[in-house]
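Here's the structure we're looking at; comments come further down.
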Amino acid sequence: MKKSIGFRLNGQPTTLDTEEDRTLLWVLRTDLGLTGTKCGCGIGACGSCTVVVDGTAVRSCQTTLMEVAGKEVTTIEGLARGDELHPLQQAFVDHGGLQCGFCTPGMIMNAYGLLLEDPRPSREKVVDAMEGNLCRCSAYKRILEAIESVASSNGGRS
Amino acid sequence: MMPDLDRRAFLKLVGGGIVVLVRLGPSPALAQFGRGYPEDFNAYLRIDEDGKVTVFSGKIEMGQGVTTSLAQMAAEELGVALDSIEMVLGDTDRCPWDMGTFGSLTTRVFGPVLRKAAAEARAILIELAAEKLGVPRDRLVVRQGVVSVRDEPGRQVSYGALARGQAIARTLGEEAVLRSVEEFEVMGRSVQRLDAVAKVTGKAQYAADIRLPGLLYARILRPPAHGATLARVDTSEAAAMEGVRVVEEDGLVAVLHVDPEMAGAALGRLRPEWNAASPGADTDGVFDDLLSRAPAPEVTGVKGDVEAARTAGTPVLESTFRKGYVAHAPIEPHAATAQLKEGKLTVWSSTQTPFPLRDELARTMGLEAERVRVITPYVGGGFGGKTAGRQAEEAARLARITGQPVQVAWTRAEEFFYDTLDPACIVKIASAVDGDGRITLWDCDVYFAGDRAAEIFYDIPHTRMRVFGGWMGPGASAHRFAVGPWRAPGANMNVFARESQIDVLASEAKVDPVDFRLRNMGDERMGRVVREAAKAFGWTPQPAPSGRGWGVAAGIDSGAYVALAVEVEVDRETGAVRVERVVCAQDMGIVVNPEGAIMQMEGCITMGLGYVLSEELRFDGGRMLDDNFDTYELPRLSWLPRIETVLVKNDALAPQGGGEPPIVPMGGAIANAVFDATGERIFRLPLTPARVKEALGKRRAG
Ligand code: FES
Ligand code: FES
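Note that the protein sequences, when read in sequence, are chains A and B. Each residue of the first sequence is one higher than the last, beginning at 6 in our numbering. Each residue of the second sequence is one higher than the last, beginning at 958 in our numbering.
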């Protein structure tokens, strides 16, 4: 049954008339045309669909629209301010934390969620938080360096 | 289309300016890869009338960084800034024909030719400038796309001004002079990836990110097992769902909807009945099954008299090595978006082979090749797995049937089911070592792994290798699943087996594994690389097992020489192996982008942990038991070892492939380190905790 569902998306109020049990990932990628959020597994096992909801990183493939009603959703498209990259994005560029780039939006959003929660996480905490994000190109070393560089400087802009 | 096109038609196609066309015939560098590898590379480089430089190539970007390294090469030879170059890749309407992007071939084979084309373009521009400025060519210098008179910087003209009004097309001659390593300004430097910003902002588009008006998302009915066939299917329930379209044509049963999730729901409402697949071997039984069906061998590397050496009295040590099926598992599953408009089919596809895919689509769709365009957006990882075009064909067929644009994006389960897996394979080696620690015999039988990287660079008087099939050719059909090239196909297994067996001999001779390799080394270039790795590691000699958990292995792949020294820790309770440290020394000739090369090396090493420690697709008959990342385990961040890389300088050699070599010795190095730690040798990849535990248990019991 269709319902009117409202939430904030990358800072903008957004309302959709649709079924509330639809999956956030597919609503983002189709209805809203935000294809930066990727589907790598569909079961919550790879992290490539990660977005931030009210300050917490979530797997959008495991999240329904209903669950984000009235909340603030941030996707990879909402991180930069105009042409100015978010420090995490800049760090991934500077440290070469990507190859094919398919896992990258999920990696960055997951790290963004972590830094919102704890601006200066220990290495163990970073590794622990990023453990569910898979990178087949195995750019892990650079990904870790990128995240740690932001964590140690200013904890990331939020 | 391009090679035989006449010049006028060609210029009309690409517009004015200056164009240098590159053609490369069959190359000896490719011969070692056997049939099925590209034999022809084409590209062109254009300087248009406003000075913009565009490189058009049928290569594709799947993470290996070619966009950047090719642009660097063109910028270097042309004398322009890196960011003034635009790369157009993998678009069959805009780029010249190309066989595909495989392995580490792009830099090595295509790179020199592109450099020559750019050098030729610069020569043309200097010639034009000499005319325009009225000075001899040798008084001109080029900087950042501007030609000026030496010592008179005021007298200058830009590339754009020179190209204006021109319509010059040249086919590359052999005489173009390349800049030397000492002259390099752009090559040999670490630069930021040209695709990095697009990828961190979510703007980089992949095949499933294409959105077209009226786009339908398709889900396709799949058999529960390889070999199962569809008896009948009741589609009525699915068809009754709002907005669902059902398609049934020649075995293709699909449901389509404007919402991919609804298409998925409709798929669940199909009521198929299947004719069961015939039973067959499972994960463990497959090796004997394969051995019973091995094709006739090709015999190579025969030296001395193997039979005589076998009976010469030195004890012959025989080992059998095994490895299961490994998936490519790119995080982007196969996807394609197809549109058929006014008789022209356009397909955006995740593919490593846009041109062969175009030809295949033309054939299956009954269209002229000119009526098919394949566009390759960014590819989310390939590793050899994105060469088959099944999903593109499905999308194209469905677009024709429905009359609407269609997207087919595989689920992870479909990805595992249809992946062209790295084949299960077996290597048997019989060898002997004399009292002086010299290897006297090497008799090697390879089943289903081919001969890549199998060459023996140790100095052994009596050798023979018999290859019973590889990932393609007669060996391929012995498998129940599709098999194909996986990052450095076959090489991982061949090097795992060889380097493990070398350690078996070293241990027999009670000689340190590094010393043993050097003592028997038959290739000085490799000797240097092994020494560099040992030095960087801080290796001190001790025969294995030393209890330290150290291992070494070496291999040659794609023209690059690589040696790894690793340190592992083995949990004796669980059997889990943790790789603490990897030191990698690599000689890859001239290094175009050191940072890029090191990144690829690190990626290889970390990815290699997967096939060595955990990755093995389990199955029973035709049924896949692993269909997602919850049970098929890829390396994760916490597995990351300390990685140190050493680029062994070799500027006398043209750039060699760097994308794959370091993955090749990972199996041998880790298995040797596990032996060094525990005294137990594991002969089967992956070295899962269960297998390691079992081996340790036997030791305790025995
Ligand atoms: S797609 Fe959501 S976790 Fe993999
Ligand atoms: S960069 Fe390719 S999967 Fe991470």
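Every residue, glycine too, gets a C-beta built ideally from N, C-alpha and C.
Residue 1102 of chain B and residue 1008 of chain B do touch by the CB rule: their CB atoms are close to 6 Å apart, below 8 Å. The beta-carbon of residue 108 of chain A is placed less than 7 Å from the nearest beta-carbon of chain B.
Between the region 1571-1586 of chain B and the region 1459-1477 of chain B, the count of C-beta pairs closer than 8 Å stays below three; the two stretches do not touch. At least one CB of chain A lies nearer than 7 Å to the CB of residue 1156 of chain B. Residue 1153 of chain B is not a Cβ neighbour of residue 132 of chain A, given a cutoff of 7 Å. Within the model, the alpha-carbon separation for residue 1080 of chain B versus residue 1302 of chain B is close to 40 Å. Annotation for residue 1256 of chain B: 1423 place their beta carbon closer than 6 Å to its own, counting only its chain and skipping 5 residues before and after.
In this structure, the CA atom of residue 1005 of chain B is about 20 Å from the CA atom of residue 1105 of chain B. Beta-bridge analysis with DSSP links residue 1067 of chain B to no other residue.
Closer than 9 Å at the C-beta level to chain A, one finds these residues of the region 1275-1307 of chain B: 1285, 1286, 1287, 1288, 1289, 1290. Closer than 7 Å to the CB of residue 146 of chain A there is at least one CB belonging to chain B. Residues of chain A whose Cβ lies closer than 8 Å to the Cβ of residue 1635 of chain B do not exist; the shortest such Cβ separation is about 26 Å. Residue 1089 of chain B sits exposed, since fewer than 16 C-beta atoms from the chains shown fall within 10 Å of its C-beta.
Residue range 1382-1390 is occupied by the beta strand (DSSP E) that includes residue 1388 of chain B. At a beta-carbon threshold of 8 Å, none of the residues of chain A lie near residue 1058 of chain B; the nearest stands roughly 12 Å away.
For residue 1316 of chain B, the secondary structure class from DSSP, reduced to helix, strand or coil, is helix. In this chain, residue 6 of chain A is not harboured by any alpha helix (DSSP H), its DSSP state being neither H nor E.
Boundaries of the alpha helix (DSSP H) harbouring residue 155 of chain A: 145-158, taken from the DSSP string. For residue 1335 of chain B, the C-beta contacts it makes with chain A under 9 Å involve 105, 106, 107, in order along the chain.
Interface with chain A (7 Å Cβ-Cβ cutoff): residue 1079 of chain B is excluded. Contact annotation: in the region 70-88 of chain A, residues whose CB is within less than 8 Å of a CB in chain B are 80, 81, 82, 84, 85.
In terms of side-chain proximity, the C-beta atom of residue 144 of chain A is found nearer than 6 Å to a non-hydrogen atom of ligand 2. In this structure, the C-beta of residue 140 of chain A stays at least 6 Å away from each heavy atom of ligand 1. Each of A:76, A:111, A:65 was checked against the Cα of residue 93 of chain A, and the nearest Cα belongs to A:111. It is roughly 55 Å from the alpha-carbon of residue 1588 of chain B to the alpha-carbon of residue 1100 of chain B.
Taken through DSSP and simplified to helix, strand or coil, residue 118 of chain A comes out as helix. For residue 1610 of chain B, the number of other beta carbons within 10 angstroms of its own is below 16, and it is reported as exposed. Close partners of residue 1595 of chain B in chain A (Cβ separation under 7 Å): 132, 136.
Of all alpha-carbon atoms in B:1325, B:1120, B:1449, B:1358, the one lying nearest the alpha-carbon of residue 1281 of chain B is that of B:1449. Per DSSP, the continuous beta strand (DSSP E) segment holding residue 1110 of chain B begins and ends at 1109-1115. For residue 1404 of chain B, the uninterrupted beta strand (DSSP E) run begins and ends at 1396-1404, by DSSP. Ranked by how close their Cα comes to the Cα of residue 1634 of chain B, the residues B:1502, B:1372, B:1360, B:1216 have B:1502 in first place. Spatial neighbours of residue 1625 of chain B in its own chain (CB-CB distance under 6 Å, excluding positions within 5 residues in sequence) are listed in chain order as 1452, 1453, 1456, 1457, 1510. Judged by their CB atoms, residue 1630 of chain B and residue 1523 of chain B are nearer to each other than the 7 Å cut-off. Three or more beta-carbon pairs drawn from the region 1425-1436 of chain B and the region 1372-1383 of chain B are found closer than 8 Å, and the two stretches are therefore classed as touching. Contact of residue 1493 of chain B with chain A is not assigned, every C-beta pair being separated by 7 Å or more.
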